[in-house]
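Scroll down for the structure; my scribbles are underneath it.
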Ligand SMILES: Nc1ncnc2c1ncn2[C@@H]1O[C@H](COP(=O)(O)OP(=O)(O)OP(=O)(O)O)[C@@H](O)[C@H]1O
Ligand SMILES: [Mg+2]
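Residue numbers (our numbering), protein chains in the order written: chain A, -6 to 249; chain B, 7 to 371.
See below:
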């Protein structure tokens, strides 16, 4: 993968703040005292073994999961029960899922225009213009009138990224965006993500693509058993992890 | 060490093997494939031969196509002049003859919209609006309004009335069913209990009891100024009955939508209500199109029960015609014709539904 991408962090501006966040599924303590501060333009990669709570943590940021204790503030808005606040935050936070989750009953173009029209009240013509621009950017311009089921996995995931970008979010969350893809398609999705990183987007990526983490991340976070075990700049994280748990995990994923 | 690479050439594609099926080959494989298949085929053939020739004799060969009842009796076969003479009354009852173009226009509108829907030329909101307006248009045409001569509901009858009851029933009960299903699926505990109670109550009684209640009991309990006419009461009864079944069909569709679909929409900042309206419900309805069409067909057949509460629908008119003293002894023709018309409409609906299903984006996934 390409050389390290230049950092865009504006250290004086915090866009996400999680303070002592706790969450339980029934009696199962899935997030334990999570504290995380993300600066504008920062690119964070989150890794950790299966079931460690990575998805749950980033899904709390746009309230797809509800936390029970602690505080989450996004772009200055505090997440609480208020649906207005939740919807407001969701419009500024894009999310890309492992399973793409495109709307199968809409064309690619309609998938992209849906949220701008119905969540931002954007006129249809303007929404289409934006949509086409992003589709070109992720390299799927000619497919706009197809249905998601007619595209390959890699193409679908690129459409999903474009769909999130159409809402002009200031933060993007990725939950294992390449895990459901064949090896041949992983690169085309990662390339789009790298390009996005170069534009200065604030990104939180759950991924096990370690070369992506090395070249893109400003910070790597390692989670286990619902806790943030260790965080560091990628070079230090990979070359000299402080915790034995991290070492063990790294040796496992780097060995195959 | 340098390894030599060899250029890869894809093999040229070959045409698929030619399909060798012809009629005889097909029969040999499917009808006489082994001694069991052969036995079944022969038994079925024997059963068919035992009555089909007689049936054809009666229906067509010995049938009378012109003349009066005396000619019919002489020929012995089916008496089609009887059906021809009664045709109008079977179709529109005692609706004024000089205004019969109005139900005809309504029927054309119905078929036109069905064709437009099938062609896919209108979709989305326009499509829903068109189907919502159709029954209103038909009611205005048939009942008369805006200066058109009024035709009292007491003379609405025949196939026109059956189709009207089914059409209004389907078009109102589908959205009601969707609401009930959403209430049951997403509602607060109170809403859930209300929806479940309503659905299970209506599914627990036969339609005929609901029709009796609507026709006979409702006027007893309602204050006189609230008593609406019999036809409307029966229509409401049918709608409520049908919506309970539609709700259960739609619920199956709601359960089939993966959670990721709602999550994707919510994560884009689309409100929960709009997510349900534009992401969940359209997909759910598409999933359950076959059983939904099945319910429409069932409702159309169920309209034949209104004869019991005194409406003269198609079957009512058929029964009346069979008792006509000018044409005594031709009941069989009347009921054969009734069965044929019901079959024709239901089978067309079923075919139409199957075609609709094959089109549309869900076919691609
Ligand atoms: N809806 C739920 N109800 C109960 N338990 C859940 C639920 N969702 C997740 N969990 C549990 O919470 C834990 C954390 O799940 P999460 O999906 O956040 O893990 P993850 O780190 O993303 O794992 P993976 O790498 O497999 O995606 C897991 O043990 C999981 O079984
Ligand atoms: Mg996960």
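Even glycine gets a Cβ: it sits at the ideal position worked out from N, Cα and C.
Since the structure is predicted, the reported quantities are computational estimates derived from the model, not experimental observations.
Endpoints, the beta strand (DSSP E) within which residue i is located
i, result
"residue 101/B", "First-last for residue 101/B: undefined, no H or E at that position."
"residue 67/A", "62 to 67"
"residue 300/B", "Segment 295 to 308 is the alpha helix (DSSP H) holding residue 300/B; no beta strand (DSSP E) there."
"residue 178/B", "Element bounds for residue 178/B: not the beta strand (DSSP E) but the alpha helix (DSSP H), 164 to 192."
Among the options, nearest to residue i - alpha-carbon criterion
i, options, result
"residue 259/B", "293/B, 198/B and 180/B", "293/B"
"residue 74/B", "14/B, 163/B, 91/B and 272/B", "91/B"
"residue 246/B", "225/B, 314/B, 163/B and 181/B", "181/B"
"residue 24/A", "143/A, 160/A, 61/A and 71/A", "61/A"
"residue 22/A", "157/A, 39/A and 49/A", "49/A"
"residue 155/A", "176/A, 172/A, 122/A and 175/A", "122/A"
"residue 105/A", "66/A, 80/A, 78/A and 150/A", "150/A"
"residue 44/A", "232/A, 215/A and 157/A", "215/A"
"residue 42/A", "219/A, 230/A, 19/A and 174/A", "219/A"
"residue 154/B", "108/B, 172/B, 162/B and 136/B", "108/B"
"residue 314/B", "63/B, 332/B and 219/B", "219/B"
"residue 162/B", "346/B, 227/B and 323/B", "323/B"
Bridge-paired residues (DSSP) for residue i
i, result
"residue 215/B", "Paired residues: none, contrary to the question."
"residue 14/A", "27/A"
"residue 3/A", "33/A"
"residue 223/A", "215/A"
"residue 166/A", "88/A and 197/A"
"residue 38/A", "198/A and 213/A"
"residue 130/A", "Residue 130/A pairs with nothing; no bridge assigned."
"residue 70/A", "67/A"
"residue 319/B", "164/B"
"residue 21/A", "18/A"
Cβ pair residue i, residue j closer than 8 Å
i, j, result
"residue 8/A", "residue 68/A", "yes"
"residue 34/A", "residue 195/A", "yes"
"residue 326/B", "residue 318/B", "yes"
"residue 85/A", "residue 162/A", "yes"
"residue 124/B", "residue 295/B", "no"
"residue 178/A", "residue 204/A", "no"
"residue 273/B", "residue 88/A", "yes"
"residue 226/A", "residue 211/A", "yes"
"residue 268/B", "residue 286/B", "yes"
"residue 121/B", "residue 177/B", "no"
"residue 179/B", "residue 117/B", "no"
"residue 150/B", "residue 112/A", "no"
"residue 147/B", "residue 101/B", "no"
"residue 168/A", "residue 82/A", "no"
"residue 238/A", "residue 217/A", "yes"
"residue 100/A", "residue 127/A", "no"
"residue -3/A", "residue 208/A", "yes"
"residue 282/B", "residue 188/B", "yes"
"residue 158/A", "residue 37/A", "no"
"residue 311/B", "residue 217/B", "yes"
Boundaries of the alpha helix (DSSP H) in which residue i is found, first to last residue
i, result
"residue 239/B", "236 to 261"
"residue 187/A", "176 to 191"
"residue 348/B", "337 to 364"
"residue 81/B", "75 to 81"
"residue 67/B", "Taken as a continuous stretch (DSSP letters only), residue 67/B belongs to no alpha helix (DSSP H), as it is neither H nor E."
"residue 36/B", "29 to 36"
"residue 149/B", "130 to 149"
"residue 107/A", "101 to 113"
"residue 285/B", "Unbroken run through residue 285/B: none, as it is neither H nor E."
"residue 266/B", "265 to 273"
"residue 118/B", "107 to 125"
"residue 198/B", "195 to 209"
"residue 150/A", "146 to 158"
"residue 405/B", "Any answer about residue 405/B is impossible in this case: the structure gives chain B only from 7 up to 371."
Within chain A, the residues that residue i reaches when beta carbons sit closer than 9 Å
i, result
"residue 14/B", "The premise fails here: residue 14/B is roughly 16 Å from chain A at the closest Cβ pair, so nothing lies under 9 Å."
Under 8 Å by beta carbon: chain B residues contacting residue i
i, result
"residue 57/A", "269, 272 and 273"
"residue 160/A", "274 and 275"
Listed by chain order, chain B residues near residue i by CB distance under 7 Å
i, result
"residue 28/A", "In chain order: nothing, as chain B lies at least about 24 Å away."
"residue 111/A", "276, 280 and 284"
"residue 80/A", "275 and 277"
"residue 124/A", "Those within 7 Å of residue 124/A in chain B number zero; the least Cβ separation is about 13 Å."
Under 9 Å by beta carbon: chain B residues contacting residue i
i, result
"residue 83/A", "272, 273, 274, 275 and 276"
"residue 118/A", "Correct list: empty, because the minimum Cβ distance to chain B is about 17 Å."
"residue 155/A", "Here the premise fails: no neighbours, minimum Cβ distance about 12 Å."
Chain-ordered chain A contacts of residue i [CB-CB under 8 Å]
i, result
"residue 288/B", "98"
"residue 292/B", "98"
Listed by chain order, chain A residues near residue i by CB distance under 7 Å
i, result
"residue 266/B", "90, 92 and 94"
Residue i Cβ short of 7 Å to ligand 4 heavy atom set
i, result
"residue 47/A", "Judged by which ligands are present, ligand 4 is missing from the structure shown, whose ligands are ligand 1 and ligand 2."
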